[in-house]
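Peer 1: Last residue of the sequence shown: 219 (our numbering), numbering continuous.
Ideal placement from N, C-alpha and C gives every residue a C-beta, glycine not left out.
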Amino acid sequence: MKRMLTLAFLLAGFQPAAAGEFILGAGYVDFSRGAGDEAGLTGEYHADPFTRLGAIGLNFGVAAGLHGNGDVWVGAGIAARADLGERWFVEGSVLPGYYEAGERESRLGGHFQIRSLAALGYRLDGGYGLSLSIDHKSNAGTEDFNPGVNTVSLRLHRAF
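1) What residue range is occupied by the uninterrupted beta strand (DSSP E) comprising PRO206?
2) Between GLY207 and SER197, is the Cβ-Cβ spacing less than 8 Å?
3) I need the DSSP call for ASP142, collapsed to helix, strand or coil.
4) Strictly by DSSP, which residues pair up with HIS126?
5) Would you kindly report the start and end of the unbroken beta strand (DSSP E) that includes GLY169?
6) Would you call the CB atoms of HIS170 and SER190 closer than 8 Å?
7) On the criterion of 16 or more Cβ atoms from any shown chain inside 10 Å, does GLU164 qualify as buried, or is it exposed?
8) Reducing DSSP to helix, strand and coil, say where GLY116 ends up.
9) Specify, as a first and last residue, the run of the beta strand (DSSP E) that PHE81 falls within.
10) Could you give the C-beta distance for GLY120 and GLY136, rounded to a whole number, given that I count them as a contact under 8 Å?
11) Give the range of the beta strand (DSSP E) segment to which PRO155 is assigned.
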């Protein structure tokens, strides 16, 4: 719990210098087997798009997550976002990263874990937005043991 509060405090005050978007999320973490379900916090930074494929903007993203039992994940990769009109948007990302289990029961078969995410969001005034996301972390079969973990989160976006 101490780690979670520390991460929440640090993420709340984080303001990147470059243009892009900062995302803070809180959600429910559902382990595939063995471990009890937990609360989770995530923080992400998405840079401005480096290219567009039609209506889809591709950008680099970095993220970190902390579960209530002390699990920590950090990753970096590619994120995509498409507008569905003036305020609605969809978002997806694939971020390979490093995972450290906080307890034996929440091990995911190795430190290498890939997070895939899909979200539906709504832009608010003043550069803010809200989204509902679902993500999955897995070692993608690189280890014999691959239980995976899923998270549903409500996320606050802040564009810079």
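Peer 2: Walking through what the data contain:
1) Counted from its first residue, the sequence shown places residue 206 at position 147. From DSSP, PRO206 is part of no beta strand (DSSP E); its letter is neither H nor E.
2) The count along the sequence shown starts at 1 and reaches residue 207 at position 148. The count along the sequence shown starts at 1 and reaches residue 197 at position 138. Against a cut-off of 8 Å, the Cβ pair of SER197 and GLY207 comes out as a contact.
3) Taking the first residue of the sequence shown as position 1, residue 142 is located at position 83. The answer is strand: DSSP assigns ASP142 an E or B state.
4) Locating residue 126 in the sequence shown gives position 67, where the first residue counts as 1. According to DSSP, which records beta bridges pairwise, HIS126 is partnered with GLY99.
5) Here residue 169 is taken as the residue at index 110 of the sequence shown, counted from 1. Neither: GLY169 is in no beta strand (DSSP E) and is coded neither H nor E.
6) For this step, residue 170 is matched to residue 111 along the sequence shown. For this step, residue 190 is matched to residue 131 along the sequence shown. Contact flag unset, no.
7) Here the question's residue 164 lines up with position 105 in the sequence shown. Burial call: exposed.
8) Position 57 of the sequence shown, counted from the first residue, corresponds to residue 116. Three-state DSSP puts GLY116 in a strand.
9) Here residue 81 refers to the residue found at position 22 when the sequence shown is read from its first residue. Its beta strand (DSSP E) spans residues 79 to 90.
10) Position 61 of the sequence shown, counted from the first residue, corresponds to residue 120. Position 77 of the sequence shown, counted from the first residue, corresponds to residue 136. Contact holds; Cβ gap of about 6 Å.
11) For the purposes of this step, residue 155 is identified with residue 96 of the sequence shown, where counting begins at 1. Per DSSP, PRO155 belongs to the beta strand (DSSP E) from 147 to 159.
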